[in-house]
Amino acid sequence: VQLQASGGGLVQAGGSLRLSCAASGIVFGLYDMVWFRQPPGKQREPVARISEGGSTNYVDSVKGRFTISRDNAKNTVYLQMKSLKPEDTAVYYCNAHVHRYGLNYDYWGQGTLVTVSS
Numbered sequence: 145v146q147l148q149a150s151g152g153g154l155v156q157a158g159g160s161l162r163l164s165c166a167a168s169g170i171v172f173g174l175y176d177m178v179w180f181r182q183p184p185g186k187q188r189e190p191v192a193r194i195s196e197g198g199s200t201n202y203v204d205s206v207k208g209r210f211t212i213s214r215d216n217a218k219n220t221v222y223l224q225m226k227s228l229k230p231e232d233t234a235v236y237y238c239n240a241h242v243h244r245y246g247l248n249y250d251y252w253g254q255g256t257l258v259t260v261s262s
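Under the numbering used here, the first residue of the sequence shown is numbered 145, with each subsequent residue one higher.
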């Protein structure tokens with residue numbers, strides 16, 4: 145199983161970035177996909193989730209600015225980030241999660257760094 149995250153970089157406040165996470169080795173369409181982030185010196189936190197059925201949830205701090213989407217044909221989940229703020233600076237990780245037959249299955253990508261300058 146491999147989750148390959150990409151798209152991070154340095155951007156000025158107010159700018160935009162789109163993160164991608166390409167999955168292999170799993171039946172992508174069965175998994176809920178979640179973007180987490182870990183700011184410097186802080187704990188990892190969930191940012192946005194998209195279910196296997198396409199329902200989405202966001203942490204309050206990114207509502208209206210971030211959009212999560214998925215393309216099951218490409219086994220890829222995206223995070224479109226707009227109006228970026230310095231506090232969005234973090235390593236962003238994608239997570240694939242499914243609960244099947246009483247067990248939880250979780251897979252993680254390697255992370256991609258987003259730095260927002262003021």
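Ideal placement from N, C-alpha and C gives every residue a C-beta, glycine not left out.
Assigned secondary structure, residue i (DSSP; H/G/I helix, E/B strand, else coil)
| i | result |
| --- | --- |
| Leu228 | coil |
| Val242 | strand |
| Gly255 | coil |
| Val260 | strand |
Exposed unless 16 or more other CB atoms sit within 10 angstroms - verdict on residue i
| i | result |
| --- | --- |
| Leu154 | exposed |
| Tyr237 | buried |
| Leu133 | Residue 133 is absent from the model: the chain starts at 145 and stops at 262. |
| Arg127 | The structure shown does not extend to residue 127, since the chain is modelled only from 145 to 262, so the question has no answer here. |
| Leu257 | exposed |
| Val171 | exposed |
C-beta atoms of residue i and residue j nearer than 8 Å
| i | j | result |
| --- | --- | --- |
| Thr220 | Thr259 | no |
| Ser160 | Tyr222 | no |
| Gly253 | Gln148 | yes |
Pairwise C-alpha distance: residue j and residue i
| i | j | result |
| --- | --- | --- |
| Arg193 | Ala217 | 18 Å |
| Gln224 | Leu247 | 31 Å |
| Ser261 | Val145 | 34 Å |
| Tyr202 | Glu189 | 11 Å |
| Gly198 | Pro230 | 29 Å |
| Tyr251 | Ala167 | 10 Å |
| Gly152 | Tyr245 | 35 Å |
| Ala157 | Val206 | 14 Å |
| His241 | Lys226 | 26 Å |
| Gln187 | Ser150 | 21 Å |
Whole beta strand (DSSP E) elements within the region 163-230, 3-residue minimum: 176-182, 189-194, 200-202, 210-215, 220-225
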